[in-house]
Structure formats: C-alpha cells, structure tokens
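*Asks:* My questions all concern the structure below.
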Amino acid sequence: MSEFLSRLDFAWPWAWLLIFLPLIGRYFLPQDREVKEHVRVPFLPELIDELKLNSQPVRSSKLANLVFWLVWLLLVAALSRPEYLTPPQHIQKPMRDVVLILDVSGSMGKNDIQGGLTRLQAVQASVRKFVAARKTDRIGLVIFASQAWPFAPVSEDKQALQTRINQLAPGMIGQQTAIGDALGVGVKLLDSTTNKDASKLAILLTDGNDTASQLAPALAAQLAATHHVQVHTIAFGDLNSTGDDKVDLPLMQDIARITGGKSWTAANSGIALDSVWQEIDAITPVQVKSIGWSWHIPLFQWPLLLALALLILLAAGRFIREKTA
Numbered sequence: 001m002s003e004f005l006s007r008l009d010f011a012w013p014w015a016w017l018l019i020f021l022p023l024i025g026r027y028f029l030p031q032d033r034e035v036k037e038h039v040r041v042p043f044l045p046e047l048i049d050e051l052k053l054n055s056q057p058v059r060s061s062k063l064a065n066l067v068f069w070l071v072w073l074l075l076v077a078a079l080s081r082p083e084y085l086t087p088p089q090h091i092q093k094p095m096r097d098v099v100l101i102l103d104v105s106g107s108m109g110k111n112d113i114q115g116g117l118t119r120l121q122a123v124q125a126s127v128r129k130f131v132a133a134r135k136t137d138r139i140g141l142v143i144f145a146s147q148a149w150p151f152a153p154v155s156e157d158k159q160a161l162q163t164r165i166n167q168l169a170p171g172m173i174g175q176q177t178a179i180g181d182a183l184g185v186g187v188k189l190l191d192s193t194t195n196k197d198a199s200k201l202a203i204l205l206t207d208g209n210d211t212a213s214q215l216a217p218a219l220a221a222q223l224a225a226t227h228h229v230q231v232h233t234i235a236f237g238d239l240n241s242t243g244d245d246k247v248d249l250p251l252m253q254d255i256a257r258i259t260g261g262k263s264w265t266a267a268n269s270g271i272a273l274d275s276v277w278q279e280i281d282a283i284t285p286v287q288v289k290s291i292g293w294s295w296h297i298p299l300f301q302w303p304l305l306l307a308l309a310l311l312i313l314l315a316a317g318r319f320i321r322e323k324t325a
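In this text, residue positions in the sequence shown follow UniProt numbering: the first is 1, and each later residue adds one.
Next comes the structure, spelled out in structure tokens:
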C-alpha cells in the first residue's frame with residue numbers, strides 16, 4: 001500500500017482548492033432570503049412530540065450533508081486527475097549509426113572466390129553475418145558502381161536491410177566505380193538521421209579504383225571528417241590485378257586515415273573477408289543508452305464512479321421512503 005501511495009500523483013493538484021467552494025458559497029456570498037408568512041401554533045411542540053417528528057428531520061439533514069460532502073470530495077478528487085506512475089522500464093536506445101557502402105560494379109561478378117562464389121556473393125554472406133551481430137545499431141546501405149545510390153535508410157529494421165542485401169547484383173547500376181560519390185552519399189545519409197547524439201560510422205568496400213566519381217574521393221574523405229563520420233575501408237578481390245580492376249590501396253588507406261578509421265585488405269577468399277568484418281565488429285563495440293520510462297495510468301474514473309454510486313443510492317433510498325410513507 002505504501003508503494004502504491006508513493007507512486008500516486010495528480011496531474012491537476014490545484015483542483016483540490018475547489019474543496020472549499022461550497023463553504024465559500026454558504027458563508028461568504030450574500031443569501032437571498034425569502035419572505036414567508038408564518039402561522040403561530042401555540043401547541044406545536046406538543047404536536048411534534050405526539051407525532052414523534054422531532055428526530056427524523058435532524059437525521060435526514062445530517063445524512064444529506066454527509067452524502068453531499070462525500071460526493072463533492074470524490075468529484076474534486078476525480079477533477080484533480082489522479083495517476084499511478086508505473087515503475088520505470090529501461091529501454092536501450094542505439095547510439096551508433098552505421099552505413100555500409102558496397103561496390104556492385106561489374107567486376108564484383110567475377111567468379112574467383114574460393115568455393116565457387118562470385119565476389120559479390122562472398123560480400124553478401126559476410127555482410128549478412130555482420131548485420132545479424134549488430135542487433136542494436138541503426139544500419140543503412142549505399143551501393144555504387146557508375147553511380148551511387150542510397151539503397152536502405154539508416155534504421156533498426158534488420159530484416160528489411162537483409163532483404164535489400166539479398167537483392168544486390170553485379171552491374172545493377174553500371175560497370176564503373178564511383179568511390180568518391182558513394183562516400184558523399186553515405187555522409188549525407190548519416191547526416192540526415194534524427195539520432196543526432198549517435199556516433200557515425202561508414203564501412204566502404206570495393207574491388208577497384210575510382211573511375212566515375214564527380215566528387216573527388218579525397219574531397220569526400222574531408223567531407224566525412226568534417227561531419228565526424230569515421231570510415232573503415234576494405235579492399236577486396238584480386239590485389240595483383242592491373243588497370244581499372246586494380247584496387248587503389250593508397251586511396252583506401254588515405255580515406256581511413258583522414259576520417260580516423262582503419263583500412264583492411266582481403267584477398268579472393270570468403271574466409272579472409274569474414275575475418276575483416278569480425279575485426280570491424282570487435283573494434284566498434286555496440287553503443288547503447290539506457291532510458292527509463294514511467295507510464296501514467298489514469299485513476300480519475302474510480303472516484304467518479306463512486307460518487308455516481310452514492311448519488312444513485314441516495315436517490316433510491318429517498319424513493320423507497322416515499323413509497324413506504
């Protein structure tokens with residue numbers, strides 16, 4: 001009982017001042033007295049004693065006053081809006097926003113991964129594991145080839161994100177590689193999130209060098225640093241290839257250095273790629289903020305119903321007395 005009283009609150013406590021309103025109306029406001037004619041009956045006291053009428057009005061008046069004050073007290077209590085505050089429930093709020101920036105250019109369709117997988121299939125498998133492990137992070141997805149597209153918003157909906165990852169295909173938006181544009185889109189996606197207190201992380205994976213960006217990769221890295229976005233980079237595929245298919249390792253390292261991230265290389269092996277994602281998961285621990293919520297349960301209906309019940313009982317009692325009189 002003591003715990004219940006300690007959690008009882010009133011939304012409108014000032015309403016309790018109305019408890020004195022009937023007294024103010026009775027004793028401080030001017031009363032209109034009716035002019036009545038009286039008839040003198042010398043034997044009235046003896047008649048009252050004979051008919052035993054002297055006690056009933058007093059009892060009736062006291063009962064009416066008692067019921068009035070009880071009903072008035074209950075009505076004022078209901079008006080003050082009593083509420084019960086539930087014990088706080090702790091909710092964990094994600095404090096890290098992550099954007100995956102994945103290369104889907106034509107070269108990601110090369111079937112040179114151990115186990116007979118294409119490069120993109122190996123990436124999809126590793127990314128799905130990473131997303132499943134980050135249960136509380138808000139994660140979005142940007143894909144790039146000749147262009148860069150935001151493919152999934154930053155959110156906690158991991159099921160929808162996994163569906164979008166499964167939809168990736170090599171060359172779906174071109175054959176070239178626009179690393180700078182992709183990083184710029186990733187920064188914009190992170191900057192548009194509503195969770196302004198969260199830290200921002202981008203993970204950029206590609207198997208080539210920049211051949212189609214309108215935004216220079218170095219400038220995109222500076223933009224990311226200005227917006228406090230840490231970028232980890234992963235160079236994937238055949239590290240000994242030449243031409244446009246050769247991964248620009250110095251560029252990937254510069255992007256990571258400028259933004260305060262780390263740079264990894266993963267050869268044509270799904271196992272090597274899995275280990276990179278595991279390392280990223282290890283060095284970026286989950287960040288959550290615990291928030292306590294208390295729910296307000298309204299209780300005004302109980303004094304209101306009790307006041308109504310008293311009025312009904314009073315009316316029923318008066319009706320019965322009149323019928324039996």
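Don't be surprised by glycine CBs; every beta carbon is placed ideally from N, CA and C.
Alpha carbon to alpha carbon, how far is residue 322 from residue 4? Give it in angstroms, no decimals.
*Replies:* The residue given as residue 4 occupies position 4 in the sequence shown. The residue given as residue 322 occupies position 322 in the sequence shown. Their Cα atoms are separated by approximately 43 Å.
*Asks:* Given residue 176, which residues of its chain have a CB within under 7 Å of its CB, disregarding the five upstream and five downstream residues?
*Replies:* Here residue 176 refers to the residue found at position 176 of the sequence shown. Here the set comprises 105, 145, 146, 211, 212.
*Asks:* Within 8 Å, do at least three Cβ pairs link the segment 67-76 to the segment 295-307?
*Replies:* Contact holds: three or more Cβ-Cβ distances are below 8 Å.
*Asks:* Using three-state DSSP, classify residue 81 as helix, strand or coil.
*Replies:* Within the sequence shown, the letter at position 81 stands for residue 81. In the structure shown, residue 81 falls within a coil segment according to DSSP collapsed to helix, strand and coil.
*Asks:* Quick one: grab the DSSP three-state call for residue 196.
*Replies:* Within the sequence shown, numbered from 1, the residue matching residue 196 stands at position 196. Of the three classes helix, strand and coil, the one that applies to residue 196 here is coil, per DSSP.
*Asks:* Taking 8 Å as the threshold (C-beta atoms), are residue 278 and residue 263 in contact?
*Replies:* As a position in the sequence shown, residue 263 is number 263, starting the count at 1. As a position in the sequence shown, residue 278 is number 278, starting the count at 1. Not in contact: residue 263 and residue 278 (Cβ atoms no closer than 8 Å).
*Asks:* When you compare only the Cα positions, how much space is there between residue 78 and residue 195?
*Replies:* Taking the sequence shown and counting its residues from 1, the one referred to as residue 78 is at position 78. Taking the sequence shown and counting its residues from 1, the one referred to as residue 195 is at position 195. About 39 Å.
*Asks:* Counting pairs of beta carbons, one from the segment 188-204 and one from the segment 158-170, are three or more of them closer than 8 Å?
*Replies:* no
*Asks:* Contact between the segment 156-163 and the segment 176-191 is defined here as three or more beta-carbon pairs at a separation below 8 Å; is this criterion met?
*Replies:* Judged by Cβ distances under 8 Å, the segment 156-163 makes no contact with the segment 176-191, as fewer than three pairs qualify.
*Asks:* Could you check what DSSP says for residue 205 in three-state terms: helix, strand or coil?
*Replies:* Taking the sequence shown and counting its residues from 1, one reaches residue 205 at position 205. Looking at residue 205 - three-state DSSP - the assignment turns out to be strand.
*Asks:* Please list the terminal residues of the continuous beta strand (DSSP E) segment that includes residue 316.
*Replies:* As a first step, residue 316 must be located in the sequence shown, where it is residue number 316. Careful: residue 316 lies outside any beta strand (DSSP E), inside the alpha helix (DSSP H) at 301-324.
*Asks:* Is it buried or exposed for residue 20, if we count other Cβ within 10 angstroms and need 16 for buried?
*Replies:* Here residue 20 is taken as the residue at index 20 of the sequence shown, counted from 1. Answer is exposed; the Cβ neighbour count stays below 16.
*Asks:* Go through its chain and collect everything with a Cβ distance to residue 270's Cβ below 8 Å, but skip five positions before and after it.
*Replies:* Here the question's residue 270 lines up with position 270 in the sequence shown. The answer, listed in chain order, is 113, 114, 115, 117, 122, 125, 126.
*Asks:* Suppose you measure from the CA of residue 161 to the CA of residue 151; what does that come to, to the nearest Å?
*Replies:* Here residue 161 refers to the residue found at position 161 of the sequence shown. Here residue 151 refers to the residue found at position 151 of the sequence shown. One C-alpha to the other measures close to 9 Å.
*Asks:* Which residue from 284, 86, 308 puts its Cα closest to that of residue 95?
*Replies:* Your numbering for residue 95 matches position 95 in the sequence shown. Nearest of 284, 86, 308 to residue 95, Cα basis: 284.
*Asks:* Report the rounded CA-to-CA distance for residue 22 versus residue 85, giving the unit in angstroms.
*Replies:* As a working mapping, residue 22 is identified with position 22 in the sequence shown. As a working mapping, residue 85 is identified with position 85 in the sequence shown. Straight-line Cα distance between these residues: approximately 32 Å.
*Asks:* Quick one: is residue 111 buried, meaning 16 or more other Cβ sit within 10 Å of its Cβ, or exposed?
*Replies:* Indexing the sequence shown from 1 puts residue 111 at position 111. Label assigned to residue 111: exposed.
*Asks:* Taking residue 249 as the reference, which of 243, 265, 260, 181 has the closest Cα?
*Replies:* The residue given as residue 249 occupies position 249 in the sequence shown. Comparing Cα-Cα distances from residue 249 to each of 243, 265, 260, 181, the minimum goes to 265.
*Asks:* Please state whether DSSP places residue 215 in a helix, a strand or coil.
*Replies:* If you number the sequence shown from 1, residue 215 lands on position 215. The answer is coil: DSSP assigns residue 215 none of H, G, I, E or B.
*Asks:* Which residue from 227, 226, 141, 12 puts its Cα closest to that of residue 204?
*Replies:* Numbered from 1 along the sequence shown, position 204 holds the residue referred to as residue 204. Ranking 227, 226, 141, 12 by Cα distance to residue 204 puts 141 first.
*Asks:* From residue 281 to residue 107, what does the alpha carbon distance come to, in whole angstroms?
*Replies:* As a first step, residue 281 must be located in the sequence shown, where it is residue number 281. As a first step, residue 107 must be located in the sequence shown, where it is residue number 107. Straight through space, the alpha carbons of residue 107 and residue 281 are spaced by roughly 26 Å.
*Asks:* What would DSSP say about residue 163, mapped onto helix, strand or coil?
*Replies:* What you label residue 163 is simply residue 163 of the sequence shown in a count that begins at 1. In the structure shown, residue 163 sits in a helix (DSSP, three-state: H, G or I).
*Asks:* If I'm right that residue 230 touches residue 206 with Cβ under 8 Å, what's the distance once you round it to whole angstroms?
*Replies:* For this step, residue 230 is matched to residue 230 along the sequence shown. For this step, residue 206 is matched to residue 206 along the sequence shown. 18 Å between Cβ atoms; not a contact.
*Asks:* Is the distance from the Cβ of residue 12 to the Cβ of residue 80 below 8 Å?
*Replies:* What you label residue 12 is simply residue 12 of the sequence shown in a count that begins at 1. What you label residue 80 is simply residue 80 of the sequence shown in a count that begins at 1. Taking 8 Å as the Cβ cut-off, residue 12 and residue 80 qualify as a contacting pair.
*Asks:* Measuring CA to CA, which of 268, 25, 97 is closest to residue 120?
*Replies:* What you label residue 120 is simply residue 120 of the sequence shown in a count that begins at 1. Residue 120 has its Cα closest to that of 268, out of 268, 25, 97.
*Asks:* Which residues in the same chain have their Cβ closer than 6 Å to the Cβ of residue 314, if we skip the five residues on either side of it in sequence?
*Replies:* Along the sequence shown, one-based indexing puts residue 314 at 314. The residues are 67.
*Asks:* Around the C-beta of residue 324, are 16 or more other C-beta atoms found within 10 angstroms, so that it is buried, or is it exposed?
*Replies:* Start at 1 with the first residue of the sequence shown, and residue 324 comes out as number 324. By the neighbour-count criterion, in which 16 or more other beta carbons inside 10 Å mark a residue as buried, residue 324 falls on the exposed side.
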